[in-house]
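Protein chains in written order, with my numbering: chain A, 163 to 539; chain B, 163 to 539; chain C, 163 to 539; chain D, 163 to 539. Where a beta carbon is used, it is the ideal one built from N, C-alpha and C, also for glycine. Only one structure is covered here, and it is reproduced in the block below.
And the structure:
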């Protein structure tokens, strides 16, 4: 029983292997009546597209999305029925993977898939490839549009905060960063001086056939209070699942996170305060989430991505025949996944928020405008 | 649409508020034919019970479990039908909470529940209280027995690695720690010298009406390869959801985690190697999970818990009438949640592993007798 | 992977075996803020209770419900958290079942459970006993109260239309029947003359150690248009699942049902017509459901229940050791399940409607009064 | 929250509107390692294709399926990852529907969709069109192949038993019918004399612009004992949901069904008997299902389909502006849906059985090689 679906009320199922005919998603639960801006979805996909800069894999994919269902033919509005979004694979050079048919690439999913399924799509990692995230990004772009139709002030923004030991944390005001700033540099670090250092480090690692990891910071402003479901589907729990389900992500922290252990309770607690008739807290070590429910403050999380497992140097490994071997990878790879991970993190955030919103919809705290009644003449 | 159920094949629904008649769980999907050792479940509950030492809340709860369903009356074997486990609440001094009826406790869930539901069980936090985890622990104890019936070598072990800045990481061999060692000290730190320091720090914070946070380390040995479901229900993603759904948990990292960003790909990758006919890796920076699927190496994770939000000093806060107020908490609290969080973390781990196992059961890689063991050369 | 949960937004999990300590349910998704009338739930349970008349089994069960969770201690309002309702078993004479430990009772679930689980609670059928429906009825009673809080005109009414060949269909005006009329006779047939005939037939069958089946008719008035989810969770599809999941139910028809095949399309179609500004149809062969969605007309369905499988005459059967044997049942049984099935059918209907409503809640057609915004001072 | 997914372990999500770019499905949970015979899936689709005879709609659709994912590129084996199957729409003459943009077709889903979603794909019924079943049939064909890989003797066979009052029930031996016989006549009635009468009646109705309904009989042989999940996901309950979710289906009965009410319990019970070391029953009024679990006897069900709602005569109706109008339908339609419903019923049956099998897989009674066969003396 495999599981390729995420969400309860806004349900996304992704499909597709790296070197198969296509990747994509089916989204069930999109509210009806939203005019879908397909160009905007396409633009979101372009943000994760390979080949954008010399920092990322040169695999050349146009990633042109086709909508197979779910839209009204006249108005382009969502029908409340499933959207199927398909993106064809084009530049599949599986020959690059020829040597890897029977060899397990270190720190890749190959062995696990064989152990689990008894076979695997060995070309490019198949389903475990980051190419699978194309479907997530398409769905996330739809989710963001749905969210914005109800919460016009919602702003989801992620950026590269650190690459290896180059850490821009202190140099960035998290509430001031914009998506334009982030996209303004190939590293997706919005602070130019650090971005330049990161770029140099990534290019150096690339030259050496090596790879780098780092941190992504995520801030969401304009989140209404009341999102997230006790007990198991807390907002932070769902975000953690969403992020740890991304290739190469190895950790997540909310608000003060691991650093919060340095403080005592009195130092750490966020005092509540009414300001101008709205509830707020005078600090935000909670990262906008308390007891698993959003409190109206900005969401603030940090993710770590490991250095790309694909490196172009010889490595010790093993094959599926019981032999210990040396693997010499060829082909294309991302020397650092972080720049392309930024839109993926934003997309997953949109999926979680859309799902929490729609599970909450119609409840007491749902800031949904008074609904019309049933059809009347 | 609230969500109090965890798992797909081994499904646990918890119920109960802190000061209501009872807490407990219904477990659906327990394999039939397992002789349930109720005393062992009871012993697991005793490990999270309040009142065990002066380090934890003195709330006195016997936490006696009653099994209402799911067992064969003759043999005590599980029937394959739902187990309902009920634990009555006894020592509910809601009077301690009298002042808090309309005041939002800082960094607690009170405000979120009001925003979401329009009302809340204000006594002791109601559903958001850590008392809800009683049901999780009971279910986790059942899950562990079910797992052990198939994987006798499985060993789930968590411990307190750090309290505030007292960090025992370097002093502990993660693969050598036993549950007995952990339970041997009230702090649940298995290294005596650090445990003593932690105890002193917690008692000092308690005396000051303050609280402390810290890290929990989790290691699971004897995990078969092939557990975890691509794409969204990866083993690490489900563990992350499970842990972030715990009160006070603010972050999780797998294997090298946030520290992994310091390394390059060549330094970080775990080389595969056949050893004595079994697949292994010569390092374990992956923490036993690659591509979201267990690879047979020990699971290795770290969690951070914030300092307890309940402190006994006056704090700035706000009420539900639009007033900014000063809150003076009274009553009982845990000056540090970590010691009691250890069995809860183990229980959640058992829930995730039981669920992944049962979703995989009958599949290619299921090491179920008669079905062929895990991949062998 | 067994499945004891029904519903998506209003989720009910039942637990309990016939002769175990208790039966009951956990309900997740009850909207917050509803004052639960526990006496009314108890009264609903009394309607299915055994021992009500000589037409039904004399097993004497008080069926006293206890609410373990989910209610505000001050106001008795639902909290939006799970309700756990427990009903203790009392009059379990498992000695009556002594002979049946290893014998499969004809047309009972015994063999299937053994084939599936490898063991079974043989006392009284365990989980397959109609006693399991106690939890359904308790949940249905809660669902009905939740529904009524939003749809005050909703009226769910079922009755016994036919016992064996005694058919009251033509004598009853389906839109005029009330629950009081139905409960006014032990047969739960609202037409006195037919009710008397049915009673005589049932008592005659009882005297002979035999049993009878028949039809139940269900009409629901005051259903808003727009309930039911395309494609697989159509309102009629969910009702069909709900009813076929009841012990002894062997068929269901909606509106014209099997008789509709006699008509041509022109004869069968229900013409639409605006009446006083509301949409209506001038006939209701659709039974209030078109394309799986309620159209605002009364729901109209018919169910068949087979004659009770437990009879008190010798029957050919087989045991679990490979022997063909003669079974002589003893003990208590219902000579006709239909009277007690009436409230169970109503309860399942309430569960389906509550679930469809809450899945629809907040959608375009949701006749929910304009919702308040998030918490403001 | 709409619901376009069916199944728990073998999960099928269909997508697509009648006049949109495509229809299709995503199947999650297909066991890995099965060589998918795509031609066979295509042949199954051809059985429901329009334009096969003058008895059905002349809409001309090639219904060519494309597999976008889930197959190993080398071997054609299933990977254990989601299969996305897409079938393009071709012959969409939405001009035929021009008059219907604002008019509710009697006994169609149009009004319900508007009441629910606030808009609808009015061309050809959009999502409520029987064209949606293309995705179900494709998925059912895959399910049947998966089932056959484990249960080679499984035979799913449905046929048209009755059209209006022409009833072939008594003339057909249900256990002897083959799919070839059924497909041998355009009516899909396997008894030639009755088939001829049915054909004449359908053609006569077509000439009059009218339509007919009738019964479909379903028999499944070779079903292992132990399929179906207590309590809510009983095998008959899931089949009932599956069938009532089909357009135009208005009722289902299992085994003796509505006729079973004529019998007493002693007459109706199916005696168990060991025969040649296998458990059997000497009659099959239970229709192969007892207590919701298969008992190894043939499944035997009957479904009723109403006469097609689309007729080509003027009808009274109403529009979405509050006017009562006369509707004159044009265009293509099926004067009787039953012949094309036969493969759809078989496909839904395969979906239910595959899901029940995979939920049971690895359990005690799973007749999976190496796990012990079904219960034997």
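Query	Result
Between residue 532/A and residue 387/C, what straight-line distance do the alpha-carbon atoms span, to the nearest angstrom?	With a pLDDT of only 31 at residue 532/A, under 50, the local geometry of the prediction cannot be trusted, and no value is derived from it.
By the three-class DSSP mapping on this structure, what secondary structure does residue 306/B have?	helix
Tell me which same chain residues have a C-beta within less than 7 Å of the C-beta of residue 521/B, skipping the five on either side of it?	170, 171, 391
Spell out a yes or no on whether the region 499–519 of chain C and the region 446–455 of chain D are touching, meaning 3 or more CB-CB pairs, one atom from each, closer than 8 Å.	no
So that I know if they touch, is there some Cβ in chain C lying closer than 8 Å to that of residue 523/A?	yes
Quick one, which of 211/C, 418/C, 241/C has its alpha-carbon nearest residue 308/C's?	241/C
By how many angstroms is the C-alpha of residue 443/C removed from the C-alpha of residue 319/D?	37 Å
In three-state terms, what does DSSP make of residue 320/B?	strand
Could you tell me which chain C residues have their CB closer than 7 Å to the CB of residue 377/D, listed as they occur along the chain?	423
Output needed for residue 538/A: all residues of its chain with C-beta closer than 7 Å, excluding positions within five of it in sequence on either side, in chain order.	The predicted position of residue 538/A is uncertain, since its pLDDT is 36 and thus under 50; a value taken from the coordinates is nonetheless stated next. Counting only Cβ-Cβ distances below 7 Å, and skipping sequence neighbours, we find nothing.
Starting from residue 476/B, follow the beta strand (DSSP E) in both directions and report where the run begins and ends.	476–481
Excluding five sequence neighbours on each side, which residues of the same chain lie with their C-beta closer than 6 Å to the C-beta of residue 576/C?	Outside the displayed range of chain C (163 to 539) lies residue 576/C, so it cannot be described from this structure.
Note down the Cα distance separating residue 219/B from residue 494/A, rounded to an integer number of angstroms.	56 Å
Taking buried to mean at least 16 other C-beta atoms within 10 Å of its own C-beta, is residue 238/B buried or exposed?	exposed
If you draw a straight line from the alpha carbon of residue 465/D to that of residue 265/A, how long is it in whole angstroms?	53 Å
So which residues on chain C does residue 435/D lean against when the C-beta distance must stay under 9 Å?	478, 479, 480, 486
Using CA atoms only, rank isn't needed, just tell me which of 517/D, 459/D, 314/D, 499/D is closest to residue 473/D.	499/D
Pick out whichever of 291/A, 305/A, 249/A, 235/A has its Cα sitting closest to the Cα of residue 287/D.	235/A
Please state the DSSP three-state secondary structure of residue 444/D.	coil
Could you tell me the distance, in whole angstroms, from the CA atom of residue 535/A to the CA atom of residue 519/D?	Confidence is the limiting factor: at residue 535/A the pLDDT is only 32, short of 50, which leaves the residue's position unreliable, though a coordinate-based value still follows. The alpha-carbon atoms of residue 535/A and residue 519/D are separated by roughly 43 Å.
Determine whether the Cβ of residue 286/D lies closer than 8 Å to any Cβ atom of chain C.	no
Under the assumption that residue 416/B contacts residue 405/B (Cβ atoms under 8 Å), give the Cβ distance between them as a whole number of angstroms.	Contact doesn't hold; Cβ gap of about 11 Å is too wide.
Smallest Cα separation from residue 481/B: which of 199/B, 203/B, 268/B, 191/B?	268/B
How many whole angstroms separate the CB atoms of residue 252/D and residue 181/D, which I take to be in contact at a CB cut-off of 8 Å?	Not quite, the Cβ-Cβ distance comes to about 11 Å (not below 8 Å), so this is no contact.
Determine the closest residue to residue 559/A out of 393/D, 231/D, 321/D, 222/D, with distance taken between C-alpha atoms.	The structure shown has nothing for residue 559/A, since chain A only spans 163 to 539.
With distances taken from CA atoms, which of 217/D, 449/D, 229/D, 207/D is nearest residue 223/D?	207/D
Can you tell me which of the three DSSP states residue 515/B falls into?	helix
Answer with buried or exposed for residue 530/B, where buried requires no fewer than 16 other C-beta atoms within 10 angstroms of its C-beta.	Residue placement at residue 530/B cannot be trusted, given a pLDDT of 42 that sits under 50; the coordinates are not used to answer.
Between residue 468/A and residue 384/A, how many whole angstroms is the CB-CB distance? I'm expecting something under 8 Å.	The Cβ separation is near 31 Å, so there is no contact.
What is the C-beta distance between residue 322/C and residue 381/C, in whole angstroms, given that I count them as a contact (C-beta under 8 Å)?	With 8 Å as the limit, residue 322/C and residue 381/C do not qualify as a contact, their Cβ atoms being about 13 Å apart.
Skipping 5 residues on each side, what residues in its chain have a beta carbon closer than 7 Å to that of residue 501/B?	217, 218, 322, 348, 349, 350
So residue 264/D contacts chain C; which residues on that side make the cut at Cβ distance below 9 Å?	Simply none; closest approach about 12 Å.
If you measure between the beta carbons of residue 302/B and residue 249/B, is that distance less than 8 Å?	no
Give a yes or no on whether the minimum CB-CB distance between residue 468/C and chain B is below 8 Å.	no
If you measure between the beta carbons of residue 397/A and residue 194/D, is that distance less than 8 Å?	no
Report the partner residues of residue 229/D according to the DSSP bridge assignment.	247/D
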